[in-house]
Amino acid sequence: MAASENPVIVWFRKDLRVDDNAALAAAVETGRPIVTLYIREPEKAGTGPLGGAQQWWLHHSLASLCKTLQKLGSPLVLRSGAADAVLAALIEETGADTVHWNRRHDPAGIAIDTEIKAGLKGRGIAAKSFAGQLLHDPTRLMTGEKRPYRVYTPFWKALEREGEPHEPIDAPEKLTSLRKKPASETLDDWDLLPKKPNWAAAFPEVWTPGEEAARERLESFVDGAIGGYKEDRDHPAIEATSMLSPHLALGEISPARIWHATRGLKAPAEDVVHFRKELAWREFCYHLHFHFPQLAEKNWNDRFDAFPWEAAGKNFKLWTRGQTGYPIVDAGMRQLWKHGWMHNRVRMITASFLIKHLMIDWRRGEEWFRDTLVDADAASNAANWQWVAGSGADASPFFRIFNPILQGEKFDADGTYVRTFVPELEKLDAAWIHKPFDAPESALKKAGVELGKTYPKPIVDHGKARERALAAYKALKGD
Numbered sequence: 006m007a008a009s010e011n012p013v014i015v016w017f018r019k020d021l022r023v024d025d026n027a028a029l030a031a032a033v034e035t036g037r038p039i040v041t042l043y044i045r046e047p048e049k050a051g052t053g054p055l056g057g058a059q060q061w062w063l064h065h066s067l068a069s070l071c072k073t074l075q076k077l078g079s080p081l082v083l084r085s086g087a088a089d090a091v092l093a094a095l096i097e098e099t100g101a102d103t104v105h106w107n108r109r110h111d112p113a114g115i116a117i118d119t120e121i122k123a124g125l126k127g128r129g130i131a132a133k134s135f136a137g138q139l140l141h142d143p144t145r146l147m148t149g150e151k152r153p154y155r156v157y158t159p160f161w162k163a164l165e166r167e168g169e170p171h172e173p174i175d176a177p178e179k180l181t182s183l184r185k186k187p188a189s190e191t192l193d194d195w196d197l198l199p200k201k202p203n204w205a206a207a208f209p210e211v212w213t214p215g216e217e218a219a220r221e222r223l224e225s226f227v228d229g230a231i232g233g234y235k236e237d238r239d240h241p242a243i244e245a246t247s248m249l250s251p252h253l254a255l256g257e258i259s260p261a262r263i264w265h266a267t268r269g270l271k272a273p274a275e276d277v278v279h280f281r282k283e284l285a286w287r288e289f290c291y292h293l294h295f296h297f298p299q300l301a302e303k304n305w306n307d308r309f310d311a312f313p314w315e316a317a318g319k320n321f322k323l324w325t326r327g328q329t330g331y332p333i334v335d336a337g338m339r340q341l342w343k344h345g346w347m348h349n350r351v352r353m354i355t356a357s358f359l360i361k362h363l364m365i366d367w368r369r370g371e372e373w374f375r376d377t378l379v380d381a382d383a384a385s386n387a388a389n390w391q392w393v394a395g396s397g398a399d400a401s402p403f404f405r406i407f408n409p410i411l412q413g414e415k416f417d418a419d420g421t422y423v424r425t426f427v428p429e430l431e432k433l434d435a436a437w438i439h440k441p442f443d444a445p446e447s448a449l450k451k452a453g454v455e456l457g458k459t460y461p462k463p464i465v466d467h468g469k470a471r472e473r474a475l476a477a478y479k480a481l482k483g484d
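According to the working numbering, the stretch in the sequence shown is residues 6 to 484, in order.
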């Protein structure tokens with residue numbers, strides 16, 4: 006095979022798209038045959054195993070990508086194993102002399118890629134990595150003292166000063182492929198979908214994985230819900246958020262494509278800016294994770310290493326099942342189990358409840374969310390849990406303890422959200438929907454609610470739990 010005909014391997018990871026895919030676009034520019042590849046790496050690779058909910062998403066996302074690449078002319082090759090071994094075998098089979106990929110920004114992924122790139126170059130194989138998974142480069146965007154940012158607002162201002170992100174690259178219209186297609190495993194071989202029981206049965210009520218669905222979701226959002234976003238996004242019963250997070254998590258759409266879609270909108274500027282700040286918060290989480298690799302395992306503020314956490318026993322299980330006796334908390338945890346997702350405001354409420362009402366280590370909550378969220382993301386999960394715990398960078402102070410009753414009354418005033426996911430309270434008057442334990446017997450009887458039987462009594466008293474948490478924090482500070 007002539008050197009000019011040697012194929013280029015494009016290794017897909019959490020960038021399951023053909024639009025605005027720099028590694029793919031650069032391969033197309035060579036004019037050479039392209040072999041598209043996805044590797045199911047072993048958990049010991051260090052990049053972190055996908056949770057069950059995200060495995061469901063991955064199956065359907067890869068199925069979508071397979072169809073797209075088949076139409077473009079370069080069928081996706083699926084292989085399992087250590088990435089270096091899989092790449093070596095595919096290079097031998099195809100005669101490829103170049104490998105492209107888009108950079109990972111998690112520390113473990115960086116370490117793996119650095120080793121693979123060195124190994125390939127040592128064998129005379131060109132290894133080229135590209136940007137595009139983030140709006141910023143964590144190695145470049147630094148403070149005036151050449152240190153990483155630790156506070157969000159200065160980070161946001163620095164990101165603004167960087168100017169507009171790169172113009173998104175349009176998807177290729179055609180790919181040149183090898184005449185002899187490399188062998189591929191099948192998605193069914195990977196057994197990513199739940200079977201008995203099929204706990205993901207209701208996921209399709211909300212989600213359609215894949216690049217096409219991601220673009221449709223974006224278009225729908227910028228045409229509608231982004232107007233009023235700043236105010237409405239805090240109300241879980243209103244469809245006011247973009248719902249793009251799972252598409253971003255597996256790279257079915259790029260942050261640059263989302264950013265540029267918000268240009269020139271008729272929506273109020275404050276709504277557009279607030280939405281962009283949410284994108285920037287994701288960037289900040291990655292910035293923290295890049296510079297503090299142990300963000301998911303260790304407290305950013307090591308003072309919290311001495312915090313007296315309770316064992317994650319019965320109360321933890323009740324929290325995971327949405328059986329705490331606090332309706333807004335239970336609605337959120339049940340939404341998470343049913344649809345693999347939870348409204349952001351309610352994520353903060355449920356996380357605060359676990360950490361500060363139940364005094365259970367934030368790492369247990371992060372682990373549960375990682376397994377049950379379709380949008381699980383190593384950087385965002387860890388940074389946000391530490392933010393709620395008060396142990397993270399630019400965190401909410403520990404003494405800010407959400408009152409689940411008041412939070413429910415403020416953001417779900419008529420109880421629509423609670424009624425949707427806690428149907429046993431469906432007929433309870435709005436006055437009592439967030440505090441059924443205070444409702445008169447007549448109101449409970451009228452609604453068919455029997456506390457302790459049809460709906461649980463609170464597993465902790467809010468006032469006492471708050472006092473206990475504040476006392477523990479005070480002792481930690483040494484006041």
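Note that CB positions come from ideal geometry on N, CA and C, so glycine has one too. Quick caveat, the model's predicted, so the values are computed rather than measured.
First through last residue of the beta strand (DSSP E) which encompasses residue i
i, result
"A131", "A131 to F135"
"R152", "Unbroken run through R152: none, as it is neither H nor E."
"R84", "L81 to S85"
"T41", "I39 to R45"
Rounded C-alpha distance that separates residue i from residue j
i, j, result
"L42", "A207", "30 Å"
"A317", "A387", "18 Å"
"F442", "G337", "19 Å"
"R220", "W373", "29 Å"
"L81", "A90", "18 Å"
"Q412", "P143", "35 Å"
"R473", "H362", "8 Å"
"W314", "D307", "14 Å"
"P12", "T99", "7 Å"
"A123", "A93", "13 Å"
"T147", "A384", "The residue you asked about is not Thr; residue 147 is Met in the sequence shown. Rounded to the nearest angstrom, the two C-alpha atoms are 18 Å apart."
"P461", "V334", "12 Å"
"I44", "R145", "29 Å"
Per-residue DSSP class, three states only, for residue i
i, result
"T119", "helix"
"Y422", "helix"
"K479", "helix"
"I354", "helix"
"I263", "helix"
"L183", "coil"
"L146", "coil"
"E315", "strand"
"L493", "The structure shown does not extend to residue 493, since the chain is modelled only from 6 through 484, so no value can be given for it."
"Y234", "helix"
"Y331", "coil"
"L456", "strand"
"I410", "helix"
The alpha helix (DSSP H) enclosing residue i, as first and last residue numbers
i, result
"N107", "It is not in any alpha helix (DSSP H) - N107 instead sits in the beta strand (DSSP E) that spans T103 to N107."
"V91", "A88 to T99"
"F17", "First-last for F17: V13 to F17, but that is the beta strand (DSSP E), not the alpha helix (DSSP H)."
"T325", "K319 to R326"
"H65", "G57 to L77"
"W195", "L192 to W195"
"P159", "Y157 to R166"
"L270", "Run containing L270: none; DSSP gives neither H nor E here."
Environment of residue i [buried if 16+ CB atoms lie within 10 Å]
i, result
"K458", "exposed"
"K322", "exposed"
"A188", "exposed"
"N26", "buried"
"F426", "buried"
"A230", "buried"
"S85", "exposed"
"D276", "buried"
"Q75", "exposed"
"S79", "buried"
"K343", "buried"
"A8", "Model confidence at A8 stands at a pLDDT of 47, short of 50, so the residue's coordinates are unreliable; what they give is reported in the following sentence. Flag for A8 reads exposed."
"A274", "exposed"
"P402", "exposed"
"E371", "buried"
Closest by C-alpha distance to residue i, when choosing among the options
i, options, result
"P209", "H439, V393, W62 and D366", "W62"
"E429", "A452, P463 and N408", "A452"
"Q60", "L164, W195 and F160", "W195"
"H160", "H292, W106, S66 and P112", "What sits at residue 160 in the sequence shown is Phe, not His. Answer by Cα proximity: H292."
"W212", "G345, Q299 and L77", "G345"
"W286", "A470, A448, H141 and E97", "H141"
"L192", "A30, C71 and W16", "C71"
"P463", "P445, K479 and K440", "K440"
"I174", "R262, P241, R268 and K415", "R262"
"Q138", "W264, E302 and N304", "W264"
"A398", "S247, S69 and F309", "F309"
The ligand ADP heavy atom lying under 7 Å from the CB of residue i
i, result
"V91", "Here there are no bound small molecules, and the ligand ADP is not part of this structure."
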